[in-house]
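**Q** Pasting a structure here, questions to come.
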Amino acid sequence: MELTKPVAGGPCWVELRTPDVRTAQAFYAGLFGWRSETDPRPEAGGYTTARVGEDAVAAFSPLHRPEQHPSWTVSFATDDADASADAVRSAGGTVLMGPADVFDHGRSAVAADPSGAVFSLWQARAFPGAGRFNEPGTLGWTELRTPDPQAALAFYPAVFGWTVDVSAHFTHWGVGGADFGGMKEQDDDEQADVPPHWLPYFTVPDTETTAARVLTAGGDPLSPPTHVPGGPWVATLRDAQGARFGLLTP
12 MELTKPVAGG
22 PCWVELRTPD
32 VRTAQAFYAG
42 LFGWRSETDP
52 RPEAGGYTTA
62 RVGEDAVAAF
72 SPLHRPEQHP
82 SWTVSFATDD
92 ADASADAVRS
102 AGGTVLMGPA
112 DVFDHGRSAV
122 AADPSGAVFS
132 LWQARAFPGA
142 GRFNEPGTLG
152 WTELRTPDPQ
162 AALAFYPAVF
172 GWTVDVSAHF
182 THWGVGGADF
192 GGMKEQDDDE
202 QADVPPHWLP
212 YFTVPDTETT
222 AARVLTAGGD
232 PLSPPTHVPG
242 GPWVATLRDA
252 QGARFGLLTP
């Protein structure tokens with residue numbers, strides 16, 4: 012990512028919904044060295060923050076409903092969650108939850124684009140979002156997997172004002188021209204296995220070594236470590252409970 016801190020319109024946080032927070036904590040601590048702290052307040056519902064050093068970088072949370080599939084959700088920063096929720100509706104998306112205040116931390120909403128890919132809106136107050144990007148164990152890229160790229164190209168710039176760089180092989184999303192993510196079209200096989208989604212990539216010193224560690228810890232490979240010409244090494248995997256994520260070595 013060309014962003015180094017949360018800015019309006021850009022990714023600011025990632026959160027894993029999982030059926031077993033303790034198992035997830037151990038899995039990702041083994042990969043990234045995360046240190047986790049669970050909010051003891053009953054109304055926090057077991058929300059657990061993962062840190063690199065003293066900086067918050069991600070979170071774990073129990074599933075809202077037992078039938079939910081484990082998954083990572085990317086949050087995008089906004090100066091006004093209510094206005095952004097209205098923009099989601101106007102652009103053809105759906106607001107699934109909120110907007111609502113989260114203690115004194117900020118105001119949040121959960122939404123889905125026209126293809127059903129889920130993301131969150133975050134209006135910061137006391138909590139701005141991730142304290143680090145692009146460092147080992149932190150968010151380094153976000154990628155939309157969708158069967159309908161043309162709908163996404165209309166939807167996201169209308170909601171967030173993103174800049175778009177479309178090439179023959181890949182689409183880059185940016186804020187003011189600073190790229191933070193991209194988009195890939197889902198083929199029929201991927202659609203049959205997983206719905207449209209946002210995939211977070213976490214920065215690691217060596218993608219191949221970390222991918223091997225994922226397998227040892229009970230995860231599954233989705234795509235092997237691959238060198239993007241002129242770019243990073245990347246891999247996509249499933250954790251031990253089935254949530255998809257990516258690895259990236261600049």
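Using our numbering, the letters of the sequence shown correspond one by one to residues 12 to 261.
Even for Gly, the Cβ is constructed at its ideal location relative to N, Cα and C.
Bear in mind the structure is a predicted one, so any value in this text is a computation, not a measurement.
Using the Cα positions of R100 and V129, report the straight-line distance between them to the nearest angstrom.
**A** Walking along the sequence shown from the start, residue 100 turns up at place 89. Walking along the sequence shown from the start, residue 129 turns up at place 118. Rounded to whole angstroms, R100 to V129 spans 14 Å at the Cα level.
**Q** So, at 7 Å on beta carbons, what are the nonlocal neighbours of P243 in its own chain, with the 5 sequence-adjacent residues on each side left out?
**A** As a first step, residue 243 is located in the sequence shown; it is residue number 232 there, counting from the start. Cβ within range, chain order: L259, T260 and P261.
**Q** Given a cut-off of 9 Å on the beta-carbon distance, is the pair P125 and A162 in contact?
**A** Translated into positions along the sequence shown, residue 125 becomes position 114. Translated into positions along the sequence shown, residue 162 becomes position 151. In this structure, A162 lies closer than 9 Å to P125 by Cβ.
**Q** If you drop the 5 nearest sequence neighbours on each side, which residues of the same chain put their C-beta closer than 6 Å to that of T105?
**A** Numbered from its first residue, the sequence shown carries residue 105 at position 94. Here the set comprises A123.
**Q** Can you name the residues that DSSP bridges to D66?
**A** Here residue 66 is taken as the residue at index 55 of the sequence shown, counted from 1. The partner list for D66 (beta bridge, DSSP) reads V63.
**Q** Kindly list the residues whose CB is nearer than 7 Å to the CB of P168, restricted to its own chain and excluding five residues on each side of it in sequence; keep chain order.
**A** Counted from its first residue, the sequence shown places residue 168 at position 157. Result list for P168: V175, in chain order.
**Q** Rounded to the nearest angstrom, how far is the Cβ of G56 from that of S72, given a contact under 8 Å?
**A** If you number the sequence shown from 1, residue 56 lands on position 45. If you number the sequence shown from 1, residue 72 lands on position 61. Indeed, because the Cβ distance is near 7 Å, the residues count as touching under 8 Å.
**Q** Under 9 Å, do P236 and T214 count as touching if we go by C-beta distance?
**A** As a first step, residue 236 is located in the sequence shown; it is residue number 225 there, counting from the start. As a first step, residue 214 is located in the sequence shown; it is residue number 203 there, counting from the start. For P236 and T214, no; Cβs fall outside 9 Å.
**Q** By how many angstroms is the C-alpha of T153 removed from the C-alpha of H183?
**A** Residue numbering aside, residue 183 sits at position 172 when the sequence shown is read from its first letter. Residue numbering aside, residue 153 sits at position 142 when the sequence shown is read from its first letter. If I take the Cα positions, the gap works out to 10 Å.
**Q** How far does the alpha helix (DSSP H) with V307 in it reach, from first residue to last?
**A** No answer is possible for residue 307: it lies beyond the span of the chain, which begins at 12 and ends at 261.
**Q** Hey, how far is the Cα of G20 from the Cα of D91?
**A** As a first step, residue 20 must be located in the sequence shown, where it is residue number 9. As a first step, residue 91 must be located in the sequence shown, where it is residue number 80. Looking at the two C-alpha atoms, the distance is approximately 11 Å.
**Q** If we call anything under 9 Å between Cβ atoms a contact, is F114 one with C23?
**A** As a working note, residue 114 is residue 103 in the sequence shown. As a working note, residue 23 is residue 12 in the sequence shown. It is not a contact, given that the beta carbons lie outside the stated cut-off.
**Q** Considering only C-alpha positions, which residue in the set L155, R52 and Q36 is nearest to W45?
**A** Position 34 of the sequence shown, counted from the first residue, corresponds to residue 45. The residue with the shortest Cα to Cα distance from W45 is Q36.
**Q** Please tell me whether A98 and V170 are closer than 9 Å, where the distance is taken between their beta carbons.
**A** As a position in the sequence shown, residue 98 is number 87, starting the count at 1. As a position in the sequence shown, residue 170 is number 159, starting the count at 1. Yes, these two residues count as a Cβ contact at 9 Å.
**Q** Under 9 Å between the Cβ atoms of Y141 and D66?
**A** As a working note, residue 141 is residue 130 in the sequence shown. As a working note, residue 66 is residue 55 in the sequence shown. Reading off the sequence shown, one finds Ala at residue 141, where the question assumed Tyr. Contact: yes.
**Q** On the DSSP bridge assignment, give the partners of E48 in chain order.
**A** The residue you call residue 48 lines up with position 37 of the sequence shown. Paired residues: T60.
**Q** Spatial neighbours of G188 within its chain, please: CB distance less than 7 Å, with the 5 preceding and 5 following residues excluded, ordered by chain position.
**A** The sequence position of residue 188 within the sequence shown is 177, counting from 1. Counting only Cβ-Cβ distances below 7 Å, and skipping sequence neighbours, we find T174.
**Q** Taking the alpha helix (DSSP H) that Q36 belongs to, which residues open and close that run?
**A** The residue given as residue 36 occupies position 25 in the sequence shown. Here the alpha helix (DSSP H) through Q36 covers V32 to F43.
**Q** Between the beta-carbon of T84 and the beta-carbon of V18, is there less than 9 Å?
**A** Looking up residue 84 in the sequence shown gives position 73. Looking up residue 18 in the sequence shown gives position 7. Taking 9 Å as the Cβ cut-off, T84 and V18 do not qualify as a contacting pair.
**Q** For A254, count neighbouring Cβ atoms within 10 angstroms of its own Cβ and tell me buried if that reaches 16, exposed if not.
**A** Along the sequence shown, read from residue 1 onward, the residue named residue 254 stands at position 243. When all chains shown are included, A254 counts as buried.
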